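To keep things clear, I will list the structure first and then write my remarks on it.
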Amino acid sequence: MSVNAIETHELTLRFGQFTAVDGVSLSVREGARHAIIGPNGAGKSSLVAALTGALPATSGQVRVHGTDVTRLSQTQRVHAGLARTFQINQLFTGLSVVDNIRLALFERDRTSRIFWRSAEAQSATTEEALSLLGLVQMESLADTPISSLAYGQRRLVEIAIALAVRPRVLILDEPAAGVPSTQSQLIFERISALPQDVTLIFIEHDMSLVFRFAERISVLVSGQILTEGTPDEIRSDALVRRVYLGH
Amino acid sequence: MNLQGLLNVGVEGLAYGMLLFLISIGLSITLGLMRFINLAHGAFAMCGGYLMVVLMNDAHLSFFSSLVAVFLATGAIGLVLERTLIKRLYGKSELQHVLFSIGLAFVASAIATILFGPQQQAIGLPGWMSSPVDFPGMRTTGYRLFILAAGVIALSLLYALFHKTLFGARVRAAVDSQDTASSIGIPVSRLFALTFGLGAAFAGLGGALAISLLGLDPSFPLKYLVIMLMVVAMGGSASILGAFSAALFLGTADALFKYYIPEVGSFVIYALLVLTLIFLPKGLAGRRS
Amino acid sequence: MNRLKGDIRLALALVLAIAGACYVLFPGYLGLMTTICIVAMFALSYDLLQGYAGILSLGHAIFFGLGAYTVAILGTHGVTEPLLTLAAAMVVAGVVAGVLAPVVVIGNDFNRLLVTLGFGFLFYEAANKAGSWTGGADGLSSFTVSPIAGLFEFDFEGKTAFFYSVAGLVLTYFIVWRITTSPFGSALRGLRENTLRMYAIGAPVTRHRAVAYVMSGAIAGMAGAMLAQTSNFVSLDMLGFGRSADVFIMTALGGTGSIPGVVFGAAAFTWIKDALSSISPKYWELGVGIILMLSVFVLPDGVAGLAKTMRRWRAGRCPSTRSKPTN
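Residue numbers (my numbering), protein chains in the order written: chain L, 1 to 247; chain B, 1001 to 1289; chain U, 2001 to 2327.
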């Protein structure tokens, strides 16, 4: 039996009286393309925060490739193989595209402690940064400052940064958010072209993208998993239709 | 260490704490509401002090009329300042806030030196304030009792204002979330101006009352900057009760230590600062600062 | 990035050329120019902390003063070789920075501001009270400074001091440049740009900040030590809030994050202050205050960011900086 890439057991996150994540038990197979959908306020962002360690869970467990990461900080979980992208771009806007990736690589390899040698001279890092940009087809824009990029392009850099830490599980928080629909297909195409050894979990609102790119879908409502299944199963589920469409 | 000495120093400390409360409450609310770090807030207290000196010594107004005038005038100055300059700073970075407010503090201090000179100022207190008042076990002056009373009255007024009125409800809403508040029709901009002015008014009042207890010279804002910021940090921003408790605690602690262990008296305050920031990063009231 | 290297070499050459010119043209002002070099070193150390690691400190003079007092105290006890006491000063300042770092780097921006302010006053009070060591409010001048490496004696005209401080500035310039162009420098830049992101890529944020704080403290100590050595005098104001505020101001006005900008800011500030504050300290204070208040609106990125600010003006937008996501 293969170990799940990521799984949670009764994961709960409470803010005072308010329960944002309510006993979520989720398991995602290695290499899966798993979508989490749900109406606004369902707790998707809170779930991401609890999974990544940005916020400590009130109770429950999170395991990444069999390792219990519940007590680990966000930084430690990154080094355990769990990375994320943000719904609103969190880039280093004052730097160039390749510098953004290089930064992530320095942290991954812990070469960020070196202060006596030039960053430029780390040629292996630069090469790897360029090849990562190649994965999202942005390598031709490597030296461009972030401020000159279009929003969709910045989304791709956002993804490349997350890939730089060599995650085994990558959580994409609304990767196509804010991007014009002409470009969102493109972004998803580049996402699904990512190597199979990276497990992808994406939070998404756009149903057409979800049904096209996800292999399995979990539906989150009011902090709880309503149901889970393949796109066809979810599409035909009466309960889901009622939650989303009101009938 | 006798009981009488302890009580006397205690009352000194409480009076000091009351003054700190009056002076710092504006800073606390400004920080919580507008997220504006105003290192020059002490200048309002100083302004109130100098205004008091001018009104009493030059215009020969009575103590109480001067106090009222100082409260209103400093409040007006604060209001004008907010509407002209401060409001352009919201949303700027912390660096900009600090830079601007240091500049403001310099300007205020320089103006005070130019107009009044670097020496200490003094005013004549009404007779009943200077005379001693005896309690079983200790002796104090009417002046200190007045300060204590003023502090408690200010606390009640401010608490009632912020927790029992519509104005207060609006301010608390805006502190929680500016965007949400303005989206439900709360006139956030006007709220900012009024609260800033109110904070300045109380600071001015505190400064005026402080002349005979703490002294007044152009270095006043700087001298009390750290302890003012401590009141805000310990009390939690935008918390009336928090600021009050923190101010009284700090005032009393400072007085007691300075009196009983003068060699290390000044350090205690800073040690308290460090300890508070390590263990209570969210302040006594637990709000995000 | 090669453009940047050229930039650095050009700026450094410019600094040396100006220094040489000043030596020749204004031989009577060597004392002032020595001070300018030292203050520029101090400003560079501060910019490493604020312009790169993004930590706002209003108590950085602690390390400057510690460096100065280390030299003086060692001097009164017979240790007078300047290079040795310089190194000792850096070590003392660095160690103290290491002790204070855990408190400073944890917490949000406001807490950090308050803590650094508090520490500044704390050290000032401590130095004031420890009169037997520090000379209290009178300061110390009874210590001796030997010739550098046994060869270069500090002469009355201040020539040795001048070259010594220029050498110090060049060294500091190079050190700060090296640090900021290294992988660690990238990490610091990342911290300043987007701390949230740094956590999400697994960066040890507090550790980075602590290291930056120690480095910055050690370099500030070096600057302070040089001041003590070249002026043969230390006093409490080397630790005080005034000095912390000054370095904060000159870095902001010069352009934080820009090495040449900071040096220029430090030089201009020190020169003007020397000229004006002796005439009338209160009008100097008024003037600085007004300039600071204006600069937030007119020159938000300092002199070094003038080009950027002008571009924004031309683009029709207000030259304001929006707040970055902090914490």
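Each residue gets a CB set at the ideal place from its N, CA and C atoms; glycine is no exception.
Just so we're clear, the structure is a prediction, and the values are computed from it rather than from any experiment.
Entirely enclosed beta strand (DSSP E) segments - the segment 1052 to 1134 of chain B, minimum 3 residues: Taking only runs of at least 3 residues, no beta strand (DSSP E) segment lies wholly in the segment 1052 to 1134 of chain B.
Cβ neighbours of L:F86 in the same chain (closer than 7 angstroms, five flanking residues each side left out): In the first sequence, counting from the first residue as 1, residue 86 of chain L sits at position 86. Within the same chain, L:F86 has close Cβ partners E158, D173.
Start and end residues, alpha helix (DSSP H) containing B:Q1178: Residue 1178 of chain B sits at position 178 when you count from the first residue of the second sequence. Where B:Q1178 is concerned, the enclosing alpha helix (DSSP H) starts and stops at 1178 to 1183.
Alpha-carbon spacing of B:L1272 relative to B:I1037, whole angstroms: Position 272 of the second sequence holds residue 1272 of chain B. Position 37 of the second sequence holds residue 1037 of chain B. Rounded to the nearest angstrom, the two C-alpha atoms are 21 angstroms apart.
U:A2203 vs L:E120 beta-carbon contact at 8 angstroms: In the third sequence, the residue the question calls residue 2203 of chain U occupies position 203. In the first sequence, the residue the question calls residue 120 of chain L occupies position 120. No, these two residues do not count as a Cβ contact at 8 angstroms.
Any chain L beta carbon closer than 8 angstroms to U:S2186: As a working note, residue 2186 of chain U is residue 186 in the third sequence. Under the 8 angstroms criterion on CB atoms, U:S2186 is classed as interfacial with respect to chain L.
Contact with chain U by L:Q122, beta-carbon distance below 8 angstroms: Residue numbering aside, residue 122 of chain L sits at position 122 when the first sequence is read from its first letter. So, interface residue.
Inter-residue Cα distance where the pair is L:L103 and B:L1256: Residue mapping note: residue 103 of chain L aligns to position 103 of the first sequence, counting from 1. Residue mapping note: residue 1256 of chain B aligns to position 256 of the second sequence, counting from 1. Rounded to whole angstroms, L:L103 to B:L1256 spans 52 angstroms at the Cα level.
Local conformation of B:L1019 per DSSP, three classes: For the purposes of this step, residue 1019 of chain B is taken as the residue at position 19 of the second sequence. B:L1019 carries a helical assignment under DSSP once its states are collapsed to helix, strand and coil.
Segments of 3+ residues assigned as beta strand (DSSP E) that fall wholly inside the segment 25 to 87 of chain L: Within the segment 25 to 87 of chain L, the complete beta strand (DSSP E) segments of 3 residues or longer fall at 33 to 37, 59 to 64, 82 to 85, listed in chain order.
Closest by C-alpha distance to U:A2101, when choosing among U:G2059, U:T2080, U:Q2229: Locating residue 2101 of chain U in the third sequence gives position 101, where the first residue counts as 1. Checked all of U:G2059, U:T2080, U:Q2229; the closest Cα to U:A2101 is U:G2059.
Within 8 angstroms of chain U by C-beta, residues of the segment 1078 to 1100 of chain B in sequence order: Of all residues in the segment 1078 to 1100 of chain B, only L1085, R1088, L1089, G1091, K1092, S1093, E1094, L1095, Q1096, V1098, L1099, F1100 come within less than 8 angstroms of chain U when Cβ atoms are compared, listed by chain position.
Interface residues of chain U facing B:I1113 [CB-CB closer than 7 angstroms]: The residue labelled residue 1113 of chain B in the question sits at position 113 within the second sequence. One detail in the question is off: residue 1113 of chain B reads as Thr in this sequence, not Ile. Chain U residues near B:T1113: K2282.
Neighbouring residues, chain U, relative to L:V165 (Cβ below 8 angstroms): The residue given as residue 165 of chain L occupies position 165 in the first sequence. What L:V165 touches in chain U, judged by beta-carbon distance under 8 angstroms, is I2201, G2202, going in chain order.
Minimum Cβ-Cβ distance from L:S147 to chain U less than 8 angstroms: Locating residue 147 of chain L in the first sequence gives position 147, counting from the first residue. Answer no: the Cβ-Cβ gap between L:S147 and chain U never drops below 8 angstroms.
Residue burial classification, U:N2327 (beta-carbon count within 10 angstroms, cutoff 16): Here residue 2327 of chain U corresponds to residue number 327 of the third sequence, with the count starting at 1. Residue placement at U:N2327 is poorly supported in this model, since its pLDDT is 34, which falls under 50; the coordinates are not used for a value here.
Start-to-end residues for the beta strand (DSSP E) that takes in U:G2302: Here residue 2302 of chain U refers to the residue found at position 302 when the third sequence is read from its first residue. Run containing U:G2302: none; DSSP gives neither H nor E here.
Sequence-distant residues of the same chain with beta carbon closer than 6 angstroms to U:T2206, five excluded per side: Stepping through the third sequence from its first residue, residue 2206 of chain U is reached at position 206. Taken in chain order, the residues that qualify are V2105.
C-beta neighbour in chain U for L:Q74, strict 8 angstroms: Taking the first residue of the first sequence as 1, we reach residue 74 of chain L at position 74. Taking Cβ atoms only, chain U reaches closer than 8 angstroms to L:Q74, which makes this a yes.
Contact set between U:L2196 and chain L, taken where Cβ atoms lie within less than 7 angstroms: Your numbering for residue 2196 of chain U matches position 196 in the third sequence. The contacting residues are Q90.
Among U:N2128, U:A2167, U:Y2052, U:I2291, the one whose alpha carbon lies nearest that of U:I2179: Residue numbering aside, residue 2179 of chain U sits at position 179 when the third sequence is read from its first letter. Closest option to U:I2179, judged by alpha-carbon separation, among U:N2128, U:A2167, U:Y2052, U:I2291: U:Y2052.
Under 7 angstroms (Cβ pairs) to chain L, residues found in the segment 2158 to 2182 of chain U: Listed in sequence order: R2178, I2179, T2181, S2182.
Which of helix, strand or coil DSSP assigns to B:A1271: As a first step, residue 1271 of chain B must be located in the second sequence, where it is residue number 271. When secondary structure is reduced to three states using DSSP, B:A1271 falls in the helix class.
Cα-Cα separation, U:L2083 to U:Y2069: By 1-based counting over the third sequence, the position of residue 2083 of chain U is 83. By 1-based counting over the third sequence, the position of residue 2069 of chain U is 69. Each residue's alpha carbon lies about 15 angstroms from the other.
contact_flag[the segment 54 to 65 of chain L, the segment 225 to 235 of chain L] where n(CB pairs < 8 angstroms) is 3 or more: By the Cβ test, the segment 54 to 65 of chain L is not in contact with the segment 225 to 235 of chain L, since fewer than three Cβ pairs between them sit closer than 8 angstroms.
Neighbourhood of B:L1194 by C-beta, 8 angstroms cutoff - its chain only, sequence neighbours within 5 removed: Start at 1 with the first residue of the second sequence, and residue 1194 of chain B comes out as number 194. For B:L1194, where only same-chain residues beyond five positions count, the Cβ hits under 8 angstroms are L1079, F1167.
Residue from B:F1116, B:A1040, B:F1135, B:Y1143 with nearest C-alpha to B:F1063: In the second sequence, counting from the first residue as 1, residue 1063 of chain B sits at position 63. Ranking the options by Cα distance to B:F1063, first place goes to B:Y1143.
B:E1082 classed as buried or exposed, judged by whether at least 16 other C-beta atoms fall within 10 angstroms: Here residue 1082 of chain B refers to the residue found at position 82 when the second sequence is read from its first residue. The Cβ neighbour count for B:E1082, taken over all protein chains shown within 10 Å, is at least 16; the residue is labelled buried.
Close beta carbons around L:A160, own chain, < 6 angstroms, minus the five adjacent residues each side: Translated into positions along the first sequence, residue 160 of chain L becomes position 160. Answer for L:A160: I101, L132, L133, V136, listed in chain order.
B:A1169 (DSSP reduced to helix, strand or coil): Here the question's residue 1169 of chain B lines up with position 169 in the second sequence. In the structure shown, B:A1169 sits in a helix (DSSP, three-state: H, G or I).
Option nearest U:G2187 by Cα separation, candidates L:D99, L:R14, L:N4, L:R242: The residue labelled residue 2187 of chain U in the question sits at position 187 within the third sequence. Checking the displayed sequence, the identity of residue 2187 of chain U turns out to be Ala instead of Gly. Ranking L:D99, L:R14, L:N4, L:R242 by Cα distance to U:A2187 puts L:D99 first.
Backbone secondary structure at B:A1246 - three-state DSSP: On the second sequence, position 246 is the one that residue 1246 of chain B refers to. In the structure shown, B:A1246 sits in a helix (DSSP, three-state: H, G or I).
For L:T12: DSSP bridge partner residues: If you number the first sequence from 1, residue 12 of chain L lands on position 12. Paired residue(s): L:S59.
Any 3 or more C-beta pairs closer than 8 angstroms across the segment 2119 to 2133 of chain U and the segment 1239 to 1255 of chain B: No, the segment 2119 to 2133 of chain U is not in contact with the segment 1239 to 1255 of chain B.
Closer than 9 angstroms at the beta carbon, the chain U residues around L:I161: Reading the first sequence from its first residue, position 161 is the one you call residue 161 of chain L. Going along chain U in sequence order, the residues near L:I161 (Cβ under 9 angstroms) are R2197, A2200, I2201.
Member of L:E7, L:D22, L:V179 whose CA lies at the smallest distance from the CA of L:D206: Here the question's residue 206 of chain L lines up with position 206 in the first sequence. If we check each option's Cα against that of L:D206, L:V179 comes out closest.
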